[in-house]
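Going by numbering that gives the first Met the number 0, the letters in the sequence shown line up with residues 0 to 267, in that order.
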Amino acid sequence: MSKYAISTFLICSFLFVGFLWGVDVSQLLNIQSLVIVIGGLCMVIWLGFPSDRLKGTVNSVREAFGSKDLEREGKMLLADALRLAKIYRLHGPVALQKAASKVGDDFLRYGAVLVAEGYDQVSLLNSLQREYIKRNEKGASQIQLLQTMCKLAPALGMAGTVISLMQVMQNLGAEGNLGPSLGLALSSTLYGILLANLFFLPATVKLQQYFSKKAANMRIVMDALLGIQKAEHPLRIAERLNSYDLYLKLKKAEGKKPRLVRFNKKAA
């Protein structure tokens, strides 16, 4: 688990304890309110969103709060792309296709296979852009699901409060039970606010950051693949992507020193 996930969990725990400090927990428990808020959310998810989107959203949120470092992943993707560029320059498309099958990232693997199949610049760019748009739309749909939950949870909480208040109004004659009944009626609003602000909102923000970094990594891969298709030198690809230090590390790992170009000084 990442430091961000641990700190988020601790902050939410402190907030939760702060809400319950000095309050009888039994006073906050209202089964009817829980059924209205949580049951309403489940009903909306079931009726309004396909099951595969819900499953994908849960997996994405788990990855976003997990230990996956997307900045480090971006450097690893570029390192793989530079290796593929070297293989393509030295050994051709057959070796590139064989090497691409061992690449872990499916987007880089997909683009490398297209290069090995002989796609030209325009066809390659169009195919990569279609895949890029499709993945961004998938991420946007998952964010939309969480944003819907953010808006819906307080609304369902208010609906539960209204229903509970209607029951309170029917028993106004019993003055001794008026205070506790009003407290239970407002618990629905509390449930909706807590769900929206302590769960759905942080998940939405984290998922937006997650897909933003994923999109940035895909743009880097696209640029590198276009360079591979033109059989550019890995050094040129690395310099264009401001990753010359990464190129030096790869060369050092190979046990070779980077080749330096020397220019003869001309007499004035």
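Glycine residues also receive a C-beta, built at the ideal position from the N, C-alpha and C atoms.
Inspect the beta-carbon positions of residue i and residue j and report whether they are closer than 8 Å.
i: G191; j: M157; result: yes
i: L200; j: T56; result: no
i: A99; j: E231; result: no
i: S186; j: S32; result: yes
i: Q120; j: L225; result: yes
i: K205; j: A63; result: yes
i: Y87; j: V114; result: yes
i: L189; j: V167; result: no
i: P153; j: A94; result: no
Assuming residue i and residue j are in contact, meaning their beta carbons sit under 8 Å apart, how far apart are those beta carbons, in whole angstroms?
i: R52; j: Q141; result: 7 Å
i: L124; j: N216; result: 17 Å between Cβ atoms; not a contact.
i: M221; j: Y131; result: 7 Å
i: L240; j: L77; result: 6 Å
i: G39; j: L155; result: 4 Å
Who are the near neighbours of residue i in its chain, counting only those whose CB is closer than 6 Å to its CB and skipping five residues on each side?
i: F210; result: G138
i: S122; result: none
i: L164; result: A184
Just tell me which of the options has its CA closest to the CA of residue i.
i: I227; options: L193, I35, L89; result: L89
i: I35; options: N216, V112, V161; result: V161
i: S275; options: K213, I236, V220; result: As displayed, the chain neither begins before 0 nor continues past 267, which places residue 275 out of reach and without an answer.
i: D79; options: R61, F64, G103; result: G103
i: K133; options: L155, F198, F106; result: F106
i: N135; options: V112, A195, Q169, Q208; result: Q208
i: E238; options: W45, E72, N196, L81; result: L81
i: R108; options: A223, L197, L193, G65; result: A223
Below 7 Å CB to CB, which residues in the same chain sit around residue i once its five sequence neighbours on both sides are set aside?
i: V43; result: L151
i: A202; result: V60, L145
i: M148; result: L40, F199
i: A233; result: As written in the sequence, residue 233 is Pro, which differs from the Ala given in the question. So the list reads L81, A84, K85, Y246, once near-sequence residues are dropped.
Can you list, in chain order, the residues of its chain whose CB lies under 8 Å from that of residue i, leaving out five sequence neighbours each side?
i: S92; result: Here residue 92 turns out to be Pro, not Ser, going by the sequence shown. Around P92: V114, A115, E116, G117.
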